[in-house]
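Colleague: Pasting a structure here, questions to come.
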Amino acid sequence: MDSPTDPADGATRPHGWHALDDDPRWYERAVFYELVPRGFYDANGDGVGDIRGIVEKLDYLAWLGVDCLWLLPFYPSPLRDGGYDVADYWSVAPDCGTVEDVRLLVTEAHRRGIRIIADLVINHTSDQHPWFVESRSSRVNPKADWYVWGDDDQRWSDIRVIFCDAEPSNWTFDPVRQQYYWHRFFHHQPDLNYENPEVRDAILAVVRFWLDVGLDGFRLDAAAYLYQRDGSSGENLPETHQFLQQMRKEIDRDYPNRMLLAEVNQWPADVVDYFGDGDECHMCFHFPLMPRMFMAVRREQRFPITEILAQTPPIPDGCQWGIFLRNHDELTLEMVTDEERDYMYAEYARDPRMRRNLGIRRRLAPLVDNDRGVAELLHALLLSLPGSPVLYYGDELLMGDNIYLGDRDGVRTPMQWTPDRNGGFSRADFAQLALPPLMDPVYGYQAVNVEAGTRDPSSFLHWLQRMLAVRRQHPIFATGGVEVLPADNPSVLAYVRTGTGETGERAVLCVSNLSRFAQAAELSLARWEGAVPVELIGRAQFPAVGPDAYVVTLGPHGFYWLELEVVG
Amino acid sequence: MAPEPAELARLAASYLERQVWFQSAIDATPAAPIELVSARTLRPSRPGLARLILGRGEQRFQVLVGWRPPPELSKVLRGRESALLGPVGDGQSSALAYDAVADDDLLLELLVHVTGGKESAARVRRVSSLVSHASLVYDERLFMKCYRVLESGARPEVEVVLRLDKVGFNALLAPVAHWRDDGFDLALVREFLPSALEGRLLALTSLRDLLAHAAGGEDGRARERDAPRDDGATVPDADAECASAGGDLASEMRRLGATTARLHLALATAFGDRPASASSFAEAHSALDEAGGNVAPELAARLGTIDPAAAGRTIRLHGDYHLRRVMRSEVGWLVAGFSDDPLYAAVDADGSLPGRRGSPVEDLADMCFSIRQIAREALSQRPGAEAADATRLASAWERRNQAAFLEGYVTTHGVRRLLPREPSATELLLAAFEIARELRYEATSAEA
C-alpha cells in the first residue's frame, strides 16, 4: 500500500466532529472530493481505474481530510461523453468493477468517516441504452413514448443548443423509426420523456436501487432540462421542480441522511429555485463564483467576487452551495457576460485548443501558471467562502493537464501516485492505459505525485491537508453567515464569517490580497472593538481592534484567517 | 421639562463662534448678533434634545443641543469635551448642555425622528465633524448628513438627489428620508455602501498591474512580448499589451460610460433639456483662444464651424465629473459628488456646486481628462529608468480607457439625442473642453 504514512493516524479519521452516524445535515460541513473512477487507481492492472482502486486509496483520502467522494459515472457506457451516456442504470461498467465493489467501497469509506455520492444522469441516456434501442425500433412498442419523438425538427426551436460546437440542432433524425428525437446534449444522448409516468417511476427505481447499495446521495446531472414546453427555454420548468421534489420526498421517507446535489449551470437567483422551500435539492453548485475567483486574481481587485456574492440570494435552512475551483468539465463560462467571457478567454486560453464550447479545459495549476501563491490564495478563498468546497482529484498535487487529448479527457489523466511506471496508477503496460499519465517536465508524474507530496513537508499537498484540518475545526466556515467588509484598497478582499458558538457570537475575518504585490488596507472593524484577532493557522495574536480603522498588511497573494475573540 | 430655547440659544451662540465651519461660512459683512430663529424640542426628557436654528444677518445655522446631568455627561463627552455648551436648567437638578452630535444615544434618537420612525439603528459613527455638516453613519448602512450651515430655499444638492431618485436613476446612493422644517433642508438620510471605492483606486490598480508588467519581470514573470517568437511577428502594439494585462480596466470603463449616459438622461428628465447654443461652448472657445495658436489652431477654427442648431442639448450637468466622483460598488458604478454625497464628503472638502447647465460633452471631457491625470499620477510614482516604456504604456492605457468610456456612453440607448448630430462635432467639442480642463488645471496648480 503506497498511501501516505506521514500522519500517524493512518486509517483512523483524524477528526470526529461529524461522525458518520445520524447527521442529516452532514453535507453542510463536508469537503467534497470529485474523482474519475477510471483515472484514480487501477487495482486489477487492466489499465483502467476501478472501484476497488478507490477502496485501496481511501486511507490517503482520509489523511487528506475529505468528507465525501463524488464519483463520476461508473455505469456501463459507450463512453462517448465520459460516461454521462449511460447504457445501463443497474450495474457497473465491467472495467470499473461490480455493484458488489461499490458496496465494499461504501462500507470501507464509511468506516473511515467518508461518504460516497455518485453522478446520476437522469435527463438522458446513451443511444445504446436498451430503453432507447426499444423505443426507436418502432412507433408502437412498450417504450415508444419513453423518449421525446417528433415528426419534424421545428418544435421548441427557441431552445438553445448547449453543445453548439458539436450539434447543429436539439433534434436528430432516426432512420429506423423515421422520426426526430430530442436531445439537449449530444445527439447520442436522447432525452428521456418525463411526461411519461413510466419513465419517472423507472428513474425513481434507479435512485432507490443505488441508495439500497449504500450511496449517500447523488450529483444530479443536467437537472434543469427534464421537461420541455412550447414557448419556454426548456429550462427550470415547474414540472422539473415537481419531479425533483417527488424524488426528495421518497428519499426523505425511506433513506435518512442522504442528499441531492444539483448541477444547474444558471445564475444564482435561478438556481435557488432548486432548493425549493428546503424540500428539493440539499445542495446546488454555485457556478458563477468560480470564474469570478480567477478573474479577481487576474484583475487584482475584489469586485468580481463581491459582486457575485451580492447577487447570491439567501437559501433555505438546511441547504448549502457547492463551490469549486475546477471540475471535470470546463471552466464554465456560460454564466458570465459576453464581455467577461471574452476576457476569460483572453486571459486563460490563448491557445484555441484550450477552448471548447463556452469553457476552458485546464486544470488549476496550468490555469495559474503553476504559481503556488495563487493556488494557495484560491484555495483559501474556496475553503472560507460560503458553501461546501468541492476539490478535484489531483489538484491537491497541483497536477497539470494534457490539452492534446480530445474531448474533456485533458483534465482526466491518471492520478499521479508515485514516480514509478505509469505514475503508480496502474501496473498495466503503458500502451494498455486508457489515458496516458502526464510526463512533461513540469507536471509529469516523475515530479508531481502523492509520494513526493507526502514526503515533502512543505508541499502544496501538506499545506492543503493542514488547511482542511483548520477548516474542520471551525464549523463557522461551513454554516456561518458571510458579510463583506469595506476595505479602502480594491486589491484587498475582506469578509467576516459569523455564527453563534457555545460561547456566544463568533466571527472569523478572512482577508486576502488579490494582488501579486504587497498591499495594505484599512478595515472597518468597529463592531468588534476590543477583540483580539487570532490567526487560525499559527494561533498568533494580532493587535487588538481599536475604535479606528484596523490596518492589515499582506504579502503578495497573502491571506489571513483571523478569529475575532472578544476579551472579557 | 425642556430648558428655555432662549437659554439654549445663548449658549449655542457662543459655541457657534468657536467653530471653524462657522468662521468660514460667515461673510465679510460687519459683525451682527447671533439670534434665535426657531427652536424645536425633539426629546424633552433627559437626555434631552432640541434643534435650534440661529441667524446671523442673512445666514442661518443649525445646532443640535442635548442636555444631561453632569456626571452622566462626563462619560458621554470623553474625548469630545469641546462639545460642551454650558449649564442649563430643565426644572430638575443641574444639567449641562452640549452639541448633541457628540452623543451616540441622541444621534440614534435623531435618526428615528428624521425618518419619521421608519428607521432605527444600533450604532452610529461620525465621519467628519469640522465641516459645515455632520456626517453620520448608522449601522454601516445608512448615512445622514445633518446640515450646520443652512441655505434658504431648496438646497441644490438635496434637490438633485431627490429628483434623480424620483426619475428612477439608481446609480446613486438612494435617499431614505429628508428632514425639512421651518423652510430649511436640515438633514438628508441616504443608503450607505461602505464597500464602494473611488474609481481612482481601481484605475491605479489597473495601472500598477500594467506598468509593473512593463518593468520587465519586476513581478517575477517573463514578459511575453520579450520572449523569442518563431513566427517573426513584431511585438504587439501598446493597446494589445493593455488588453492582455490582467488588470485591464476597459470593461469597467465601458460600464462607467453607460452609467454616465444614464445619469445624463436622468438629469435631462429631471431638470429638462434645451437646445445648445453658441454660448454653450463659450468656455471651450475661450480656452482655445487662451491657449493661443500654439495648442490647436486647427481645432479652434473647426470649433467655429459647429452649427449650434445641430449641437445637441444642454442639460443640468454633474459639473465636477472625474474618477473621485464615481464609485465602484457591488451593484456597479455609483455617481457621487453632488456635493451632498456621503462618499463625496469622505473624500474631499465640502463645497456646494451650482446647478450649472451645459452640453453633456463637458462631463465627458472632465472624465477623459481625469483618466489622463490618473495615468500621469501612476507614471509619476515609477522610477525614471522605466520611464520610456512606462510612458508609452500609460499613454496607451489612457487612450484605451477613454475610448472604452466613450463607447459605453454613446452606445447607451437614447443618449445620442443629447449630443451634437455629427459624431465629428462631438469629438471636436470633447477635444476643446479637454483643453479647457487642462488649462484650468494648470492655472489651479500654478496658484497652488
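One line per chain: the protein sequences are A and D, in this order. Each residue of the first sequence is one higher than the one before, counting from 1360 in my numbering. Each residue of the second sequence is one higher than the one before, counting from 2 in my numbering. For glycine and all other residues, C-beta sits at the position ideal for the given N, C-alpha and C. Values in this document were obtained by computation on a predicted structure and should not be read as measured data.
1) Show which residues of chain D have a CB atom less than 9 Å away from the CB atom of A/Ala1885.
2) Can you confirm whether A/Arg1721, when its beta carbon is compared against all beta carbons of chain D, has any partner nearer than 8 Å?
3) Only counting runs of 4 or more residues, tell me where the alpha helix (DSSP H) segments fall wholly within the region 141-202 of chain D, in order along the chain.
4) Since I believe D/Ala98 is in contact with D/Leu108 (beta carbons under 8 Å), could you give me their beta-carbon distance rounded to a whole number of angstroms?
5) For A/Ser1871, report the span of its beta strand (DSSP E) as first-last.
6) Is it right to say A/Gly1375 is buried, meaning 16 or more other beta carbons lie within 10 angstroms of its own, or is it exposed?
7) Kindly identify the DSSP beta-bridge partner or partners of D/Asp100.
8) If we require 4 or more residues per run, which alpha helix (DSSP H) segments fall completely within the region 105-135 of chain D?
9) Would you call the CB atoms of D/Leu50 and D/Leu65 closer than 8 Å?
10) Using three-state DSSP, classify A/Arg1588 as helix, strand or coil.
11) Let's test the definition: count the other Cβ atoms within 10 Å of the Cβ of A/Glu1387 and tell me whether it reaches 16, buried, or not, exposed.
12) Distance check for D/Leu198 and D/Ala283, CA to CA, integer angstroms please.
13) Quick check: D/Val89 and D/Leu194, are their CB atoms within less than 8 Å of each other?
14) Counting along the chain, where does the beta strand (DSSP E) carrying A/Gly1681 start and finish?
15) State buried or exposed for D/Gln20, treating a residue as buried only when at least 16 other CB atoms are found within 10 Å of its CB.
16) Here's a check: name, in chain order, each residue in its chain whose Cβ is nearer than 8 Å to the Cβ of A/Gln1538, leaving out the five neighbours to either side.
17) Pick helix, strand or coil for A/Thr1838, following the three-state DSSP scheme.
18) Along the region 275-292 of chain D, where does the CB come closer than 9 Å to a CB of chain A? Name the residues.
19) Excluding the 5 residues flanking A/Val1929 on each side, which residues of the same chain have their C-beta closer than 6 Å to its C-beta?
20) Note down the Cα distance separating A/Ala1908 from D/Ala404, rounded to an integer number of angstroms.
21) At the 8 Å Cβ level, is D/Arg263 part of the contact set with chain A, yes or no?
22) Take A/Thr1671 and list the residues in its own chain whose beta-carbon comes closer than 6 Å to its own, dropping the five residues that flank it on each side.
23) For A/Gly1897, count the other beta carbons within 10 Å of its own beta carbon; 16 or more makes it buried, fewer makes it exposed. Which is it?
24) Using the beta-carbon of each residue, which ones in chain D are nearer than 8 Å to A/Thr1665?
25) Keeping to the same chain, check which residues put their C-beta closer than 8 Å to that of A/Leu1563; ignore five residues upstream and five downstream.
26) Can you find the residues in the same chain that come closer than 6 Å, C-beta to C-beta, to D/Ala301, ignoring five residues on each side of it along the sequence?
27) State the CB to CB distance for the pair A/Val1855 and A/Leu1868, rounded to an integer number of angstroms; the pair is presumed to be in contact (CB under 8 Å).
28) Beta-carbon of D/Leu202 versus every beta-carbon of chain A: anything under 8 Å?
29) What would DSSP say about D/Ala283, mapped onto helix, strand or coil?
30) Please tell me whether D/Leu53 and D/Leu9 are closer than 8 Å, where the distance is taken between their beta carbons.
31) Figure out for me which residue from D/Pro421, D/Tyr442, D/Leu407, D/Arg325 has the closest Cα to the Cα of D/Gly200.
32) By a C-beta neighbour count over all protein chains shown, 10 Å radius and 16 as the cutoff for buried, is D/Asp231 buried or exposed?
33) Is there contact here, the region 1811-1829 of chain A with the region 1784-1791 of chain A, by at least three beta-carbon pairs under 8 Å?
34) Closest to D/Trp334 by CA distance: which of D/Ser278, D/Ser252, D/Val77, D/Val177 is it?
35) Which residues of the region 1840-1854 of chain A have a Cβ closer than 8 Å to any Cβ of chain D? Give them in chain order.
36) Specify the secondary structure class of A/Pro1795 as computed by DSSP and reduced to three states.
Modeller: Based on what the coordinates show:
1) Arg124, Arg126, Glu141
2) no
3) 157-167
4) That pair is no contact at about 16 Å.
5) 1863-1872
6) A caution first: A/Gly1375 carries a pLDDT of 39, below 50, which makes its placement in the model unreliable, though a value can still be read off. With fewer than 16 other Cβ atoms within 10 Å, it is exposed.
7) Among the bridge pairs identified by DSSP, D/Asp100 is matched with D/Val66.
8) 105-115
9) Yes. Within cutoff.
10) coil
11) buried
12) 34 Å
13) no
14) 1679-1683 is the span of the beta strand (DSSP E), which, as asked, contains A/Gly1681.
15) By the neighbour-count rule (16 or more Cβ atoms within 10 Å), D/Gln20 is buried.
16) Arg1498, Trp1508, Gly1509, Asp1510, Phe1532
17) helix
18) Cβ contacts with chain A: none found.
19) Beyond the ends of chain A as shown, which are 1360 and 1927, falls residue 1929 of chain A; an answer cannot be given.
20) 37 Å
21) no
22) Cβ neighbours of A/Thr1671 beyond the five flanking positions: Pro1627.
23) exposed
24) Ser196, Glu331
25) Cβ within range, chain order: Gln1605, Met1606, Glu1609.
26) Leu289
27) 5 Å
28) For D/Leu202, the nearest beta carbon of chain A is closer than 8 Å to its own beta carbon.
29) helix
30) yes
31) If we check each option's Cα against that of D/Gly200, D/Arg325 comes out closest.
32) With a pLDDT of only 49 at D/Asp231, under the threshold of 50, the placement of this residue in the model should not be trusted, and no figure is reported.
33) no
34) If we check each option's Cα against that of D/Trp334, D/Ser252 comes out closest.
35) Across the region 1840-1854 of chain A, CB contacts with chain D closer than 8 Å involve Val1843, Leu1844, Pro1845, Ala1846, Asp1847, Asn1848, Pro1849, Ser1850, in sequence order along the chain.
36) Note: A/Pro1795 maps to coil in three-state DSSP.
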